[in-house]
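Since the structure comes first, as structure tokens, the remarks are kept for the end.
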Amino acid sequence: MEFQAVSASRAHLAVQKNRLLRDAWLAEASELDAVLGATNCGAMLTDPSGVVIGTTCSRRENEKITPVAHRIGVNFSEEAIGTSAPGIVARTGQQACVQGAEHYFESVNLMHCAAAPIRDIYGNLAGVLDMSSEGIAFNFDAATVVGIYASSIENRLLVSQSDEHLIVRFQISLAMLDTPMACLMGVNMAGQIVWRNAAASRLLGVSPEGECPKPCTVDEVLQRSFSELASTPGTGSSLLRLPNGLLVHVRCELQARDGHRQLFAMRQPVQEASWVEKTRDDPLPTASVPEHNTALAAVDPSEPASLRDADVDLIARTLKECGGNVSAAARKLRVSRGLIYRRIQGA
């Protein structure tokens, strides 16, 4: 059996069409290559149809199949090469392992493969991560390793696909917030949960495949409003008690369509300030006040009736009315987008 590549135009289209997925893969590829460097394994990424769009280096002289198979544009669908781990995942959307003689064609019986799915914000299959070894069976839990890196790539993809969403990141352990095991959730400006990863569904006790009869909101799932979540710090973490009783560390980040991140548009009311216990990695520095501004510094900072407060509140309301679209809000207020970003960041 020969590993045939698709046409050059289709291979180019597959790479271009899956740019965000490939960017997420490239962010993890060097680390994955280093992890597998002393093993007999290599890794590759395919698009949903099974076309290879990314591979790690092949440095082993004894390999004959891998250098030919792990090329951009090679079609790993079941229709093209028969039973294989990436082909099964592309067809079923479920993690799979295919060892040696379990492959359909005898010519690839030397291969041992483990593959895991990567999903997008719509819950559709976005790609498949495959890890394979030629001639030597896995001497570690390949399914776990490929699953961890597939989750890491998926999390990067979910965040990169989220235009003007509040990204809610939470876990029971603070040390897990920035790992592939982090629970992620994307919330739009109306407070509706647009997507959540599998880890979030498991921690919340919700089936990943289950669909809400109506759009789920953070008020229903987390019992917190959008403004409360948006008021949490973008660095460090806060503590939140989930409806199921679990206490989790949470961090939120508002990502704008034009790439601006860590924008917190909503001001937290004083009566809502007790829902979390704020925890920060470093103490915030105290800003010094010039002597000639002592009169201004004497103003009570908790006093709500200020021009800046009114300014920020107006921008926040307008953003919500425009569904979080910064450009539309700027047109409605007849100001520049830059002014809106500065006011939000200052909030």
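Each residue of the sequence shown is one higher than the one before, starting from 1 at the first, in UniProt numbering. Backbone N, C-alpha and C define an ideal beta-carbon position, used for all residues, glycine too. Small disclaimer: the values here were computed from a predicted structure and weren't measured.
Q. How big is the Cα-Cα spacing for S84 and G100?
A. 10 angstroms
Q. If you draw a straight line from the C-alpha of H249 to the C-alpha of W195, how long is it?
A. 19 angstroms
Q. First and last residue of the beta strand (DSSP E) that includes S238?
A. Residues 237-241.
Q. Per DSSP, G42 forms a beta bridge with which residues?
A. S132
Q: With DSSP collapsed to three states, give me the class of R156.
A: helix
Q) Given I136, which residues of its chain have a CB within under 6 angstroms of its CB, disregarding the five upstream and five downstream residues? A) N40
Q: My understanding is that Q161 touches L314, with C-beta atoms under 8 angstroms, so please give their C-beta distance in whole angstroms.
A: About 30 angstroms; that fails the 8 angstroms criterion.
Q: Give the secondary structure of R280 by DSSP, where H, G and I count as helix, E and B as strand, and everything else as coil.
A: Residue confidence for R280 is low, a pLDDT of 44 falling below 50, so the modelled location carries little weight; the figure read from the coordinates is stated next. The answer is coil: DSSP assigns R280 none of H, G, I, E or B.
Q: Mind reading off the beta-carbon distance from M185 to A200? Whole number of angstroms is fine, and I expect it under 8 angstroms.
A: 5 angstroms
**Q.** Inter-residue CB distance, F226 and V187 (contact presumed, cutoff 8 angstroms)
**A.** 6 angstroms
Q | R60 (DSSP reduced to helix, strand or coil) | A | coil
Q: Count the other C-beta atoms from every protein chain shown that fall within 10 angstroms of the C-beta of S327, then say buried if there are 16 or more, exposed otherwise.
A: exposed
Q: Below 7 angstroms CB to CB, which residues in the same chain sit around A38 once its five sequence neighbours on both sides are set aside?
A: Here A38 has no same chain residue with a Cβ atom under 7 angstroms from its own Cβ, once five neighbours each way along the sequence are excluded.
Q. Opposite L166 in the DSSP bridges: which residues?
A. In the DSSP output, where bridge partners are listed per residue, L166 has V187, L254.
Q) Can you tell me where the beta strand (DSSP E) with I53 in it begins and where it stops? A) 52-55
Q | Buried or exposed by the 16-neighbour rule on C-beta atoms within 10 Å, applied to Y149 | A | buried
Q.
So, with DSSP's three-state summary, where would you put A329?
A. helix
Q. To the nearest angstrom, how far is it from the Cα of E164 to the Cα of L177?
A. 21 angstroms
Q: Run the CB neighbour count on P208, radius 10 Å, all protein chains shown included, and call it buried at 16 or more, exposed below.
A: P208 comes out exposed.
**Q.** Presumed contact (8 angstroms Cβ cut-off) between Q192 and T232, rounded CB distance
**A.** Q192 to T232, Cβ: 18 angstroms. No contact.
Q.
Taking its Cβ as the centre, do 16 or more other Cβ atoms sit within 10 Å of V6, making it buried, or is it exposed?
A. By the neighbour-count rule (16 or more Cβ atoms within 10 Å), V6 is buried.
Q) Under a three-way DSSP split, which group does M181 fall into? A) coil
Q: Could you check how far apart the C-beta atoms of G73 and V52 are, in whole angstroms? I think they sit under 8 angstroms.
A: 6 angstroms
Q. CB-CB under 6 angstroms to A143, same chain, minus the five flanking residues each way: which ones, in chain order?
A. Correct list, in chain order: C97, A114.
Q.
I'd like to know if the stretch 8-25 and the stretch 61-70 are in contact, where contact means that at least 3 CB-CB pairs between them fall below 8 angstroms.
A. no
(Q) Buried or exposed, going by whether 16 or more other CB atoms sit within 10 Å of the CB of V168? (A) buried
Q) Excluding the five sequence neighbours on either side, which residues of its own chain have a C-beta within less than 6 angstroms of the C-beta of K278, listed in chain order? A) Bear in mind that a pLDDT of 45 at K278, under 50, signals an unreliable position, so the model cannot answer this.
Q | Same chain, Cβ closer than 6 angstroms to M189, five either side skipped, listed in chain order | A | Closer than 6 angstroms at the Cβ level, and outside the excluded window around M189, lie K320, G323, G324.
Q: Could you tell me how far apart the beta carbons of L32 and T56 are, in whole angstroms, since I believe they sit closer than 8 angstroms?
A: 6 angstroms
**Q.** Sequence-distant residues of the same chain with beta carbon closer than 7 angstroms to G127, five excluded per side
**A.** N18, L21, L45, T46, D47, P48, I118
**Q.** Best match in F3, R317, L125, V146 for proximity to E28 [C-alpha to C-alpha]
**A.** V146
Q | Exposed unless 16 or more other CB atoms sit within 10 angstroms - verdict on N130 | A | Strictly speaking, residue 130 in this sequence is Asp, with Asn absent from that position. So D130 ends up on the buried side.
Q. Any idea what DSSP makes of Q192, helix, strand or coil?
A. strand
Q. When the Cα of F138 is compared with those of K332, G42, A8, which residue comes out closest?
A. Of K332, G42, A8, the residue nearest in Cα terms is G42.
Q: Could you check how far apart the C-beta atoms of F76 and G87 are, in whole angstroms? I think they sit under 8 angstroms.
A: 6 angstroms
Q: Pick out whichever of T235, R241, P243 has its Cα sitting closest to the Cα of R251.
A: T235
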